[in-house]
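Engineer: Going by the numbering used here, the residue at position 68 of the sequence shown is 68; the numbering climbs one at a time, nothing skipped.
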Amino acid sequence: MQVLPDLVAPEPLVVFCGLAGAASTKHRDHYYESPGNSFWESLHLSGFSPRRLQPHEDRLVTEIGLGLTDLVGHWDPRWVEIDELVAKCERWHPEWLAITGKGAAHEASKALGRRGRPGLGVQDWYVGPAQVFVLPGASGANQRRDYDGRPNRLSWWRDLAMICGLDTPD
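#1: Just verifying my parser: in three-state terms, what is the DSSP assignment at ARG114?
#2: Please determine, among GLU95, ASP70 and ASP146, the residue with the shortest C-alpha to C-alpha distance to GLY120.
#3: By the DSSP assignment, the beta strand (DSSP E) with VAL132 in it spans what residues?
#4: Could you check if ALA20 is buried or exposed, using at least 16 other CB atoms within 10 Å of its CB as the buried criterion?
#5: Alpha carbon to alpha carbon, how far is LEU68 from THR62?
#6: List the endpoints of the continuous beta strand (DSSP E) containing ASP70.
#7: Assign GLU107 to buried or exposed, taking buried as 16 or more other Cβ atoms, counted over all protein chains shown, within 10 Å of its Cβ.
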């Protein structure tokens with residue numbers, strides 16, 4: 001059973017990929033809709049969206065050349081369907097797969113046979129044709145955590161936006 005349908009623009013610049021499968025995602029109707037989640041604010045403040053979208057507007061990401069998917073895609077997070085994600089990335093052909101959270105990135109890298117835990121930022125590995133960029137988790141539970149030496153999550157989002165050639169707001 002798929003958690004939420006993929007929302008992906010044709011030839012997206014970035015596809016954002018969360019983990020899903022957690023108890024907190026079981027009753028959601030939209031991506032990144034839990035209270036305290038900073039995804040939509042970060043998407044806007046980093047320059048990816050012209051305004052702050054609300055979770056119920058998640059389908060609008062396709063209009064700005066982006067995509068949303070989940071690493072697991074079902075309610076059982078004990079296994080990662082990496083082959084399915086690779087096939088999707090090969091079909092969508094994004095430049096970047098931005099994985100939201102080091103835990104999700106670790107699960108993806110492990111499923112690809114990589115060792116070690118990925119840090120935040122640009123990775124030296126790909127999912128299909130998409131290079132991986134690890135963003136801090138957007139969950140409200142991830143506030144005031146270590147952002148690999150940075151003061152906040154937004155700085156990582158702005159790095160990704162800069163790499164993608166976007167103008168980041170001040």
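Yeah, the Cβ is synthetic: ideal placement off N, Cα and C, and Gly gets one too.
Structural biologist: According to the data block:
#1: In the structure shown, ARG114 adopts coil according to DSSP, grouped into three states.
#2: Residue identity check: residue 120 is Leu in the sequence provided, not Gly. Distances from the CA of LEU120 to each of GLU95, ASP70 and ASP146 were compared; the closest alpha carbon is that of ASP146.
#3: Note, VAL132: beta strand (DSSP E), 130-135.
#4: So ALA20 counts as buried.
#5: The alpha-carbon of LEU68 is positioned some 9 Å away from that of THR62.
#6: 66-70 is the extent of the beta strand (DSSP E) around ASP70.
#7: Its Cβ being crowded by 16 or more others within 10 Å, GLU107 is buried.
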